[in-house]
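K.L.:
Start counting the sequence shown at 27; every next residue gets the next number (the numbering used here).
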Amino acid sequence: MKTSAQVPANADPDHRGPDLGLEGKIVLVTGGARGVGLGIMRVLSEFGAVPIACARHAGDALSTVPRARFIACDVRDEEAVTAMMGSIVADHGRLDGVVNNAGGSPFALAADASPRFASKIVELNLLAPLLVARAAHAVMVHQGGGGAIVNVSSVSGHRPSPGTGAYGAAKAGLDNLTGTLAVEWAPRVRVNSVVAGPVETELAHLHYGDAAGIAAVDATIPMGRMARPADIGAAVAFFLSPLAAYITGSTLTVHGGGEKPAFLSAANAGNDA
Numbered sequence: 027m028k029t030s031a032q033v034p035a036n037a038d039p040d041h042r043g044p045d046l047g048l049e050g051k052i053v054l055v056t057g058g059a060r061g062v063g064l065g066i067m068r069v070l071s072e073f074g075a076v077p078i079a080c081a082r083h084a085g086d087a088l089s090t091v092p093r094a095r096f097i098a099c100d101v102r103d104e105e106a107v108t109a110m111m112g113s114i115v116a117d118h119g120r121l122d123g124v125v126n127n128a129g130g131s132p133f134a135l136a137a138d139a140s141p142r143f144a145s146k147i148v149e150l151n152l153l154a155p156l157l158v159a160r161a162a163h164a165v166m167v168h169q170g171g172g173g174a175i176v177n178v179s180s181v182s183g184h185r186p187s188p189g190t191g192a193y194g195a196a197k198a199g200l201d202n203l204t205g206t207l208a209v210e211w212a213p214r215v216r217v218n219s220v221v222a223g224p225v226e227t228e229l230a231h232l233h234y235g236d237a238a239g240i241a242a243v244d245a246t247i248p249m250g251r252m253a254r255p256a257d258i259g260a261a262v263a264f265f266l267s268p269l270a271a272y273i274t275g276s277t278l279t280v281h282g283g284g285e286k287p288a289f290l291s292a293a294n295a296g297n298d299a
């Protein structure tokens, strides 16, 4: 594990969003160097928090996030996670929040994927968040004010997930785990879940194809577009803030209304002829 005190910031470090009570809060975001995680980092920074990205590589984009820190860590490695938590406490004296965002899966049909492939997907999307949450709890339970953990889940855990079956099953498990940890760790540590729908990131083309493919996905969503990383970040910031002080064991679905039922298009076929 390698640490760096601070990533240079090109953006205005004094820029602030509305006061959510996150000023100066120390928040770890796993997978925070790109995609949804980077969006969460930016939102937390705008609300005055000190966001710490955890990933295998920092990437250049973190330099645009004011007050961002970076720690290189494989969240599947128990020793590395324990060392990371120790480093954060040594540098900042506390850990106020954790966002378990690291995850994902390549496309693989269940009949074609190997058992090893499935186990790796479950390890990253379910077991690693549990590992990080346990290490965070060991810190938070003994500090004034406790702490808050937010698990970034997916609608894939609440509907069929063809091509990413192990991922969907892991996310379903993560939402169940959220409720269990909330009960076990209350009242000192709150645990909630943000259930994300499709998100348009800098890697969206890998999942949805070109601009036409992205537009086609947008058209299936009642709000008319996929989520932006900042949309997920806003929900995360709420759960971490004092506004959610009495909320634990909850899931908040951020999916723009979900998917329009397929039968509507089928039933209306030809009506415009």
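Glycine included, each C-beta is placed from N, C-alpha and C at the ideal position. Only a predicted model underlies this, so the values are computations on that prediction, with no experimental measurement involved.
Measure the CB-CB distance between GLY61 and PRO255 and report whether it falls below 8 Å.
P.N.:
Taking 8 Å as the Cβ cut-off, GLY61 and PRO255 qualify as a contacting pair.
K.L.:
If you check the beta carbons only, do ALA139 and LEU266 fall under 8 Å apart?
P.N.:
The answer is no: Cβ separation not under 8 Å.
K.L.:
Give me the DSSP bridge partner(s) of VAL280.
P.N.:
Its beta-bridge partners are ALA222.
K.L.:
Does the stretch 158 to 173 come close enough to the stretch 109 to 122 that 3 or more CB-CB pairs lie under 8 Å?
P.N.:
Contact between the stretch 109 to 122 and the stretch 158 to 173 is present, because at least three Cβ pairs lie under 8 Å.
K.L.:
Cα separation between LEU290 and THR246?
P.N.:
If you take the alpha carbons of LEU290 and THR246, they lie about 11 Å apart.
K.L.:
State buried or exposed for GLY250, treating a residue as buried only when at least 16 other CB atoms are found within 10 Å of its CB.
P.N.:
GLY250 comes out exposed.
K.L.:
Give me, in chain order, the residues of the same chain whose beta-carbon lies closer than 7 Å to that of SER147; leave out the 5 immediate sequence neighbours on both sides.
P.N.:
According to the sequence as given, residue 147 is Ile; it is not Ser. Hits under 7 Å: SER131, ALA192, TYR193, ALA196.
K.L.:
With respect to the alpha helix (DSSP H) encompassing GLY194, which residues constitute its N-terminal and C-terminal limits?
P.N.:
191 to 211 is the span of the alpha helix (DSSP H), which, as asked, contains GLY194.
K.L.:
From the DSSP output, in three-state form, read off LEU269 for me.
P.N.:
The answer is helix: DSSP assigns LEU269 an H, G or I state.
K.L.:
In the structure shown, what three-state DSSP assignment does VAL148 receive?
P.N.:
Residue state, collapsed to three classes: helix.
K.L.:
Starting from the C-beta of VAL115, find all residues in its chain whose C-beta is less than 8 Å away, skip the five residues before and the five after it, and write them out in chain order.
P.N.:
Here the set comprises LEU121, VAL165.
K.L.:
Tell me the residue span of the alpha helix (DSSP H) that contains ARG329.
P.N.:
Lying outside 27 to 299, the shown extent of the chain, residue 329 is not represented and no answer is given.
K.L.:
Do the CB positions of PHE73 and LEU48 come within less than 8 Å of each other?
P.N.:
In contact: PHE73 and LEU48 (Cβ atoms closer than 8 Å).
K.L.:
Mind checking PRO133: buried by the 16 CB within 10 Å criterion, or exposed?
P.N.:
Going by the sequence as given, residue 133 is Phe instead of Pro. Result: exposed.
K.L.:
Pick out whichever of ARG82, PRO92, VAL243 has its Cα sitting closest to the Cα of ALA106.
P.N.:
Cα-wise, what sits closest to ALA106 is ARG82.
K.L.:
Roughly how far, in whole angstroms, is the beta-carbon of VAL221 from the beta-carbon of LEU278, given that I think they are within contact range, below 8 Å?
P.N.:
Contact flag correct, Cβ pair sits at about 7 Å.
K.L.:
Output the distance between the C-alpha atoms of GLY284 and GLY223, rounded to the nearest integer angstrom.
P.N.:
Straight-line Cα distance between these residues: approximately 7 Å.
K.L.:
Between VAL280 and ALA261, what straight-line distance do the alpha-carbon atoms span, to the nearest angstrom?
P.N.:
Taking the straight line from one Cα to the other gives about 8 Å.
K.L.:
Could you tell me whether any non-hydrogen atom of the ligand MG is closer than 7 Å to the CB of ASP122?
P.N.:
Absence of the ligand MG is noted for the structure shown, with no ligands found whatsoever.
K.L.:
Measure the CB-CB distance between ASN202 and ASN126 and report whether it falls below 8 Å.
P.N.:
Not in contact: ASN202 and ASN126 (Cβ atoms no closer than 8 Å).
K.L.:
Just the Cα atoms here: how many angstroms apart are ARG95 and VAL124?
P.N.:
Taking the straight line from one Cα to the other gives about 14 Å.
K.L.:
I think GLY58 touches ALA79, with their Cβ atoms under 8 Å apart; what is that distance to the nearest whole Å?
P.N.:
Indeed they touch by this definition, with Cβ atoms about 3 Å apart.
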